[in-house]
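Here the structure is laid out as structure tokens; the discussion comes afterwards.
In my numbering, the protein residues as written are 18 to 822.
Shown next, in the form of structure tokens:
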């Protein structure tokens, strides 16, 4: 339990201030040294491609270390442990070492094993800790200290034992700012245990509202990057449910000094595609089914020489016929090595062109035979052959003439080679090859598939006619988040033919070498002119040390992008670890995409099955994960609600029971003192009542306010709120740092607000097949105050709420 401030607290603050000031001075020294080292590396000239890559890696490493020092500026040191053996350790956001030769660090990184007792020691199991101190700082100044005695002199709590109770409760009572803050100073024991769980495999974290599952996920990313340095090279992917959520958590990991983490929604994981198109939940559900993988595969197969009969092409006036069996065999040969569509395409085209060349050579040979036959009655062919033999003898000596059959064969091969060169440039042949096996992009494949009812019926026989109807659309529209896993699936099956790009780069490289050679030639000419005027000194120039290729290589720019920036631009990037928040929302097709992003299958999966809003969402983690991971996953549960008040959670208990009777409500550690209430309003008066209440909450100045409303009524209610609170925000990506925001339940998922006004709970229930889940989300976004305004009768699951007088 926390020890109340004593008269000597001021002297303790002064003592800690001296230590914190010393730590900051050491950080300044380290920062200046790193800045000098970085400047030196940037001045270096890389002589080779390998040296250039090493230079880029060094720049990235130094930039990341500088970013960590900058991020630690606020809250550098937040804790102290005094042990029973008389030792003392300070804990902070980063580790800080003293002068060279000193073994003990001045500050221990919160992720280090030596720091773990700060989060796990209790009065029942002190782990050798006598006193735990929390240091509260503002910039570089210590403003308060909170102590906990763990040596048995303080009474043990009766229920949930909290680590750093005073610091934790102070943080919980602080107003929300529209952005999640890191909680590195107030992590609790069960959270810390999950954060430090082994890296390998699939860890599933089930946690209800207020248990800190998102906090656990983000701090786990920082912990893994610290404890597994090689992860820094591949990075960590954090996947969230929507852009609003990502905006909410965007400052946590930079605040912990981590830049090798990419935050993205599934809809942002296909470079070059902005997937913001909205579509009905029923359409998204069909697109998310695992069966769509076979639909995409069938659509690709349909573009690989799938013909219903013989195919004809006219070459130089000759009509050639290609049989279906021949084209099928050519396709099988092209795909024999498992090449994707676009990489097998050149092989298929070559096989078909070879067959056409053989046939055209045969046509020419046949015409020659016909001509000879036609002339046989008018010419003395025996005399002609004697004349030809005599001419050949004059050229080659007395060697006997070759076998006429060999001569004919050589002529046939020569004709075939000539046609092999000519046919790829014939317009009709090129059109035929493109029709039989076109070059496809994922975008083109899906656009043409969804615009073709007949083609879709052939590719998706397992879907009903109504389900296929949902997928049909005109080409040229935007992409939705549910399209991205399908695009990614198509990209895997199609592959990318990079030959043109490689040829372009080779031409550019040759051009740079040519330019570099010209520069060196000019340098040599200038030196020769100067040597004519100088009798003694030997002049040196770049031409004495570098060849044209080396000089060109030195002009290449370094890739100084962060790991996250490079990963975001590369669809094939393989991350070292993937964290999936609100994972109960992830569709089967999206799981296939995520597995491709992390072939090692190292995942942290975080969510709450009671909050699933998907039309056909999984009912359990087994159902969601076993199709992809089998039984190779382990489950951890967060059982304590740290952030949401007991009163607010009690308002949602009946909804949770209606969704998942087997799920237990997490124990709340604090009471907010404000009982949730409800009030009935007239339908026409709902916008005015919502706006007035939101304005009153905002004017009270007691934290952030969210109005959560049904999607069908969002615009009407948002405009009413904006009229009363002009700076209120709403829309596809509302500004969460505004005092008042208007959201749907889906947008609010994963967010927290001091006060929530829930408008029309029945409308939320009716808004989707998982209306109860959406209602549960809406009710549990408030940490302090919750009001429900309902036109008409209140839903039965909310009848127990107090009626506002």
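Beta carbons are placed, not taken as given, at the ideal position from N, Cα and C, and that holds for glycine.
All of these numbers come straight from a predicted model, not from anything done at the bench.
With 16 or more neighbouring CB atoms inside 10 Å of its own CB, residue 693 falls in the buried class. Here residue 57 is exposed: its Cβ has fewer than 16 other Cβ atoms, across all protein chains shown, within 10 Å.
The Cβ-Cβ distance between residue 127 and residue 114 does not fall below 8 Å. Taking a cut-off of 8 Å on C-beta distances, the stretch 219-239 touches the stretch 678-696, as three or more cross pairs fall below it. For residue 821, the number of other beta carbons within 10 angstroms of its own is below 16, and it is reported as exposed.
For residue 805, there is no enclosing alpha helix (DSSP H); the enclosing beta strand (DSSP E) has its first and last residue at 799-808.
Taking the Cα positions, residue 81 is about 26 Å away from residue 287.
Taking 8 Å as the cut-off, the Cβ atoms of residue 503 and residue 463 count as close. For the 8 Å CB-CB criterion, residue 349 and residue 338 do not form a contact.
Annotation: residue 465 to residue 458 spans about 11 Å, alpha carbon to alpha carbon. Counting C-beta atoms within 10 angstroms of its own C-beta, residue 67 has fewer than 16 neighbours from the protein chains shown and is therefore classed as exposed.
Per DSSP, the beta-bridge partners of residue 94 are 109. Residue 674: member of the alpha helix (DSSP H) spanning 663-676, first to last residue.
Look at residue 223 here: in three-state DSSP terms it is strand.
When Cβ pairs closer than 8 Å are counted between the two stretches, the stretch 236-246 is seen not to touch the stretch 31-49, the count staying below three. Proximity to residue 711 across 468, 803, 433, 297 peaks at 803, based on C-alpha coordinates.
Contact annotation, residue 773 with residue 799: C-beta distance approximately 4 Å; criterion of less than 8 Å satisfied. Take residue 651, set aside five residues on each side of it, and the residues of its chain with a beta-carbon closer than 8 Å to its own are 218, 219, 220, 221, in chain order. The continuous beta strand (DSSP E) containing residue 654 extends over residues 650-655.
Residue pairing by DSSP places residue 125 opposite 108 in a beta bridge. Put simply, the backbone Cα of residue 610 is about 49 Å away from that of residue 432. Around the CB of residue 276, 16 or more other CB atoms lie within 10 Å, so the residue is classed as buried. In chain order, 108, 125 place their CB closer than 6 Å to the CB of residue 132, counting only its own chain and leaving out the 5 sequence neighbours on each side. By the Cβ-count criterion, residue 361 is buried, with 16 or more other Cβ atoms from all chains shown falling within 10 Å of its own Cβ. Looking at the DSSP output, residue 335 bridges to 332. Inclusion of residue 167 and residue 659 in the CB contact set at 8 Å is not warranted, their separation being larger than that value. Cβ contact annotation for residue 89 (same chain, cutoff 8 Å, sequence separation greater than five): 44, 109, 110, 111, 274, in chain order.
A direct Cα-Cα distance of roughly 43 Å separates residue 481 from residue 443.
Using a Cβ distance threshold of 8 Å, residue 593 and residue 619 count as a contacting pair. DSSP places residue 636 in the coil class of the three-state scheme, outside both helix and strand.
According to DSSP, residue pairing for residue 604 in a beta bridge does not occur. By alpha-carbon distance to residue 649, the top candidate from 621, 153, 150 is 621.
At a Cβ-Cβ threshold of 8 Å, residue 511 and residue 488 do not count as neighbours. Bridge pairing for residue 658: 685 [DSSP].
Taking C-alpha positions only, residue 245 is separated from residue 78 by approximately 15 Å. Annotation for residue 372: 339, 343, 347 place their beta carbon closer than 8 Å to its own, counting only its chain and skipping 5 residues before and after.
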